[in-house]
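Engineer: Pasting in a structure now, in structure tokens, and then I'll have a few things to ask.
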Amino acid sequence: MIRTIYRFFAGSGSRALVSGVALFVLVSGFDYSLRNEISLDFFYFLPIFIMTWNGGRRWGLLAASAGVVVWLTDERVFLPGFAAQMHIVIWNAAVRLAFFSTVVLLTDKIRVLLARERGVAKLKSGMIHIVSHEFNNALTGLSAGLYLLRETDPSAGDESRSALYTAMASSQSHLTLYVKNILNEARMEGGRFKIEKQPLALRELATAAVTSVGELLRQKEIKISMEMPEMPLLVSVDQEALALVISNLLGNAVKYTPRGGDITVRIESPEERRGTVVFSVEDSGIGISLSDLKKITTGFYRTAEAQAQAGGFGLGLKIAHELLELHGSRLEIVSEKGKGSCFFFELPLLSGPGKRILPAVAKKASV
Amino acid sequence: MKHKILIIDDDESVLFVVKKIFEECCEVLTASGGEAGLEAIRRENPVFVFLDIKMPGMSGLEVLELLKDTVPAPLVWMLTGEEDMETAMRAMESGASGYITKPFHIDQLRHIVMSAIAARETKRHGGTPPDDKPWHLAQKKTDK
């Protein structure tokens with residue numbers, strides 16, 4: 376509300392000038408008529424602030440000088456005994472000028488810093504768009520080429536060949552996930568991320584995620600087990616967001632679980648928490664100490680051990696947490712250093728038929 | 068006679084792979100950029116067009132606009148990166164039949180083309196197009 380009023384009066388350079396002058400006239404008029412009885416000195420700041428914020432340092436200093444001159448004419452020049460007290464008046468005027476000028480310089484500094492920050496944010500978001508566009512293009516060539524190679528290779532059935540293909544496909548899908556993460560991070564930072572909820576069975580997203588890290592699990596000889604009830608449990612969530620959350624959690628577990636370890640993916644609606652679905656990924660990995668636990672969900676942070684074990688940023692967990700927050704949930708972690716970690720989240724249980732989801736990202740309008 | 072498919076994209080590798088994907092079943096034409104694409108549509112009259120959204124010069128959306136009065140209108144599907152969702156939705160309103168994000172799954176790509184062409188053939192011969200499962204209808208997902 377204040378902002379709209381401000382914009383109306385001082386939105387453009389010329390409007391600021393007019394408002395500034397009008398304010399000066401107003402304040403000095405009051406000051407003059409009240410003849411020193413009630414101090415209105417503070418209100419000289421208003422026109423000076425408007426002029427600085429809109430016009431920068433020079434206009435601000437001009438307004439500061441004008442303010443002093445106006446003050447002089449109001450309070451001193453027309454009073455009797457002015458000539459005799461000249462030195463006091465000049466001193467007062469100088470002090471005022473110094474004070475106003477300091478305010479002008481500070482305000483201008485803030486103004487410049489704010490503008491610069493806005494510019495940087497815009498640049499960053501623009502850059503991320505361009506970069507992810509390039510990445511997506513390149514990944515298209517890679518994934519399609521790989522697929523075709525596999526399709527047309529007569530020796531593709533051969534075990535070692537097949538393993539190679541799967542490994543490459545795995546790497547490529549990891550990269551694709553990563554680019555998605557970065558893009559979503561940029562969107563969320565800009566506050567432009569909107570989720571669309573639909574009824575979904577988490578098990579389908581989980582199965583898809585497990586399949587895509589299949590080769591990596593085999594390579595690291597990690598045993599994965601999935602525990603879920605007979606009937607699929609449904610939740611109301613944004614499909615792409617949850618797919619990303621689950622991929623990130625699973626990818627994280629695979630990355631930080633050493634050779635020969637175990638990972639358990641669990642979907643359950645426990646007795647003591649009826650009406651909710653708890654999804655958890657538990658691993659027998661390096662674990663996280665208490666002090667590191669909090670830091671993990673707040674940003675590009677990885678514990679010292681994690682940095683030693685694997686490459687990459689701690690972006691995945693942060694994004695998972697933020698996406699869950701958008702659903703009114705949160706990422707929870709239970710971990711003990713050296714003993715493994717359990718990442719889980721809770722969502723309200725839906726009852727009723729759900730929608731069959733597909734691994735596809737193709738969408739079609741009604742023809 | 069093989070169906071004519073056209074891909075319009077400024078990225079050479081995308082043109083190459085899509086051509087490879089369809090070269091057995093169809094006659095595949097490529098165009099690098101919007102103007103070349105428009106040219107190719109007018110000259111060759113493809114039944115199906117893959118149109119990239121982000122291109123230097125004429126963008127995918129602009130091509131769509133200029134295609135509006137073309138008869139017979141080809142089936143146009145937009146190729147888009149995830150960062151372009153808003154534009155993809157706008158494209159649907161401008162006459163595109165759908166969009167697919169890069170990187171895409173090859174079976175999906177093939178399915179889209181085959182079923183879209185089949186649906187058009189059936190319509191042309193006065194029948195009802197086959198049920199389009201398993202596609203779910205487009206969701207209006209915007210970033211605003």
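Taken in sequence, the protein lines are chains X and L. Take the working numbering: the final residue in the first sequence is number 742, and no numbers are missing along the way. Take the working numbering: the final residue in the second sequence is number 211, and no numbers are missing along the way. Think of the CB as a built atom: it goes at the ideal place given N, C-alpha and C, for glycine as much as any other residue.
1. So with CB distances below 9 Å, who are the chain X contacts of residue 80(L)?
2. Can you tell me whether DSSP reads residue 426(X) as helix, strand or coil?
3. By alpha-carbon positions, which one of 420(X), 722(X), 446(X) and 716(X) ends up nearest to residue 409(X)?
4. Can you have a look at residue 622(X) and say buried or exposed, based on whether 16 or more other CB atoms are within 10 angstroms of its CB?
5. Would you call residue 89(L) buried or exposed, if buried means 16 or more other Cβ atoms sit within 10 Å of its Cβ?
6. Which residues of chain X have a Cβ atom closer than 8 Å to the Cβ of residue 84(L), listed in chain order?
7. What's the call for residue 400(X), buried or exposed, on a 16-neighbour Cβ count within 10 Å?
8. Please confirm if residue 508(X) has its CB atom under 8 Å from at least one CB of chain L.
9. To which residues does DSSP link residue 573(X) through a beta bridge?
10. For the alpha helix (DSSP H) holding residue 103(L), just list the boundary residues, first then last.
11. Give the straight-line distance between the Cα atoms of residue 753(X) and residue 599(X), rounded to the nearest whole angstrom.
12. Note down, in chain order, every chain L residue with its Cβ under 8 Å from the Cβ of residue 551(X).
13. Find out if the Cβ-Cβ distance for the pair residue 496(X), residue 429(X) is shorter than 8 Å.
14. Give a yes or no on whether the minimum CB-CB distance between residue 148(L) and chain X is below 8 Å.
15. If we count the other Cβ atoms within 10 Å of its Cβ and call it buried at 16 or more, is residue 420(X) buried or exposed?
16. Could you give the first and the last residue of the continuous beta strand (DSSP E) run that contains residue 715(X)?
17. Looking only at its own chain, which residues have a Cβ that is under 8 Å from the Cβ of residue 521(X), when we skip the five neighbours before and after it?
18. Could you check whether the Cβ of residue 213(L) sits closer than 8 Å to any Cβ belonging to chain X?
19. Do you know offhand how far residue 685(X)'s Cα is from residue 626(X)'s?
20. With distances taken Cα to Cα, identify the nearest neighbour of residue 145(L) among 126(L), 71(L), 106(L) and 93(L).
21. In terms of alpha-carbon separation, which member of 158(L), 170(L), 72(L) and 106(L) lies closest to residue 78(L)?
22. Quick one: which chain X residues come within Cβ less than 9 Å of residue 88(L)?
23. What's the C-alpha gap between residue 92(L) and residue 653(X)?
24. Check this for me: beta carbons of residue 503(X) and residue 580(X), under 8 Å apart or not?
25. If you drop the 5 nearest sequence neighbours on each side, which residues of the same chain put their C-beta closer than 7 Å to that of residue 402(X)?
26. Could you tell me which of 422(X), 431(X), 444(X) and 379(X) sits nearest to residue 407(X), measuring between CA atoms?
27. Write down the C-beta distance between residue 712(X) and residue 664(X) rounded to the nearest angstrom, noting that I regard them as a contact closer than 8 Å.
28. With a threshold of 16 other CB atoms inside 10 Å of the CB of residue 714(X), please say whether the residue is buried or exposed.
29. From residue 75(L) to residue 537(X), what distance separates their C-alpha atoms?
30. Can you give the Cα-Cα distance for residue 85(L) and residue 180(L), rounded to whole angstroms?
31. Taking the beta carbon of residue 72(L) as the centre, do at least 16 other beta carbons fall within 10 Å, making it buried, or is it exposed?
32. Output the distance between the C-alpha atoms of residue 552(X) and residue 588(X), rounded to the nearest integer angstrom.
33. Let me know the secondary structure DSSP gives residue 644(X) once reduced to three states.
34. Is residue 576(X) closer than 8 Å to residue 624(X) when the C-beta atoms are compared?
35. Could you pull the start and end residues of the alpha helix (DSSP H) that residue 114(L) belongs to?
36. Quick test of your reading: residue 134(L) and residue 140(L), contact by CB under 8 Å. State the CB separation rounded to the nearest angstrom.
Structural biologist: To lay it out plainly:
1. Taking the first residue of the second sequence as 1, we reach residue 80(L) at position 13. The answer, in chain order, is 512, 513, 515, 516, 517, 519 and 520.
2. To locate residue 426(X), count along the first sequence from 1; it is residue 51. DSSP places residue 426(X) in helix when its eight states are reduced to three.
3. Here residue 409(X) refers to the residue found at position 34 when the first sequence is read from its first residue. Minimum Cα distance to residue 409(X) is reached at 446(X).
4. As a first step, residue 622(X) is located in the first sequence; it is residue number 247 there, counting from the start. Buried, by the Cβ-count rule.
5. On the second sequence, residue 89(L) is found 22 positions in, with the first residue counted as 1. Classification for residue 89(L): buried.
6. The residue you call residue 84(L) lines up with position 17 of the second sequence. Per Cβ cutoff of 8 Å: 515, 516, 519, 520 and 523.
7. The residue you call residue 400(X) lines up with position 25 of the first sequence. Burial call: exposed.
8. Here residue 508(X) corresponds to residue number 133 of the first sequence, with the count starting at 1. For residue 508(X), the answer is yes, since a Cβ of chain L falls inside 8 Å of its Cβ.
9. Mapped onto the first sequence, residue 573(X) falls at position 198. Note: residue 573(X) sits in a beta bridge opposite 612(X).
10. Start at 1 with the first residue of the second sequence, and residue 103(L) comes out as number 36. Counting along the chain, the alpha helix (DSSP H) containing residue 103(L) begins and ends at 101-111.
11. This structure cannot settle anything about residue 753(X), because the visible part of chain X is limited to 376 through 742.
12. By one-based count along the first sequence, residue 551(X) stands at place 176. Simply 170.
13. Taking the first residue of the first sequence as 1, we reach residue 496(X) at position 121. Taking the first residue of the first sequence as 1, we reach residue 429(X) at position 54. It is not a contact, given that the beta carbons lie outside the stated cut-off.
14. Here residue 148(L) refers to the residue found at position 81 of the second sequence. Interface residue, yes.
15. Here residue 420(X) refers to the residue found at position 45 of the first sequence. By the neighbour-count rule (16 or more Cβ atoms within 10 Å), residue 420(X) is buried.
16. Counted from its first residue, the first sequence places residue 715(X) at position 340. From DSSP, the beta strand (DSSP E) with residue 715(X) extends over 715-723.
17. To locate residue 521(X), count along the first sequence from 1; it is residue 146. Correct list, in chain order: 540, 543, 544 and 547.
18. In the structure displayed, chain L extends from 68 to 211; residue 213(L) sits before or after that span and is not available.
19. Looking up residue 685(X) in the first sequence gives position 310. Looking up residue 626(X) in the first sequence gives position 251. Unreliable positioning characterises residue 685(X) in this predicted model, as indicated by a pLDDT of 49, which lies under 50. The coordinate reading is nonetheless provided below. In a straight line, the C-alpha of residue 685(X) is about 12 Å away from that of residue 626(X).
20. By one-based count along the second sequence, residue 145(L) stands at place 78. When each option's Cα is compared against that of residue 145(L), the closest is 126(L).
21. Walking along the second sequence from the start, residue 78(L) turns up at place 11. When each option's Cα is compared against that of residue 78(L), the closest is 170(L).
22. In the second sequence, residue 88(L) corresponds to position 21, counting from 1. Result: 519, 522 and 523.
23. Start at 1 with the first residue of the second sequence, and residue 92(L) comes out as number 25. Start at 1 with the first residue of the first sequence, and residue 653(X) comes out as number 278. Spanning the two alpha carbons is a distance of roughly 47 Å.
24. As a position in the first sequence, residue 503(X) is number 128, starting the count at 1. As a position in the first sequence, residue 580(X) is number 205, starting the count at 1. Against a cut-off of 8 Å, the Cβ pair of residue 580(X) and residue 503(X) comes out as no contact.
25. Counting from 1 along the first sequence, the entry for residue 402(X) is found at position 27. Excluding positions up to five away in sequence, the list reads 415, 418 and 419.
26. As a position in the first sequence, residue 407(X) is number 32, starting the count at 1. For residue 407(X), the nearest C-alpha among the options comes from 444(X).
27. In the first sequence, the residue the question calls residue 712(X) occupies position 337. In the first sequence, the residue the question calls residue 664(X) occupies position 289. With a Cβ gap of about 4 Å, residue 712(X) and residue 664(X) count as contacting.
28. Sequence index remark: in the first sequence, residue 714(X) carries index 339 (1-based). It counts as exposed.
29. For the purposes of this step, residue 75(L) is taken as residue 8 along the second sequence, with counting starting at 1. For the purposes of this step, residue 537(X) is taken as residue 162 along the first sequence, with counting starting at 1. For residue 75(L) and residue 537(X), the distance between alpha carbons rounds to 33 Å.
30. Position 18 of the second sequence, counted from the start, is the residue given in the question as residue 85(L). Position 113 of the second sequence, counted from the start, is the residue given in the question as residue 180(L). Straight-line Cα distance between these residues: approximately 12 Å.
31. For the purposes of this step, residue 72(L) is taken as residue 5 along the second sequence, with counting starting at 1. Looking at its Cβ environment, which holds 16 or more other Cβ atoms inside 10 Å, residue 72(L) is buried.
32. The residue you call residue 552(X) lines up with position 177 of the first sequence. The residue you call residue 588(X) lines up with position 213 of the first sequence. Going by the C-alpha atoms only, they are around 11 Å apart.
33. Residue numbering aside, residue 644(X) sits at position 269 when the first sequence is read from its first letter. Residue 644(X): coil per DSSP, three-state reduction.
34. By 1-based counting over the first sequence, the position of residue 624(X) is 249. By 1-based counting over the first sequence, the position of residue 576(X) is 201. No; because the gap between Cβ atoms is not below 8 Å, this pair is not in contact.
35. Working through the second sequence from its first residue, we reach residue 114(L) at position 47. Element bounds for residue 114(L): n/a, residue is neither H nor E.
36. Reading the second sequence from its first residue, position 67 is the one you call residue 134(L). Reading the second sequence from its first residue, position 73 is the one you call residue 140(L). 7 Å between Cβ atoms; contact.
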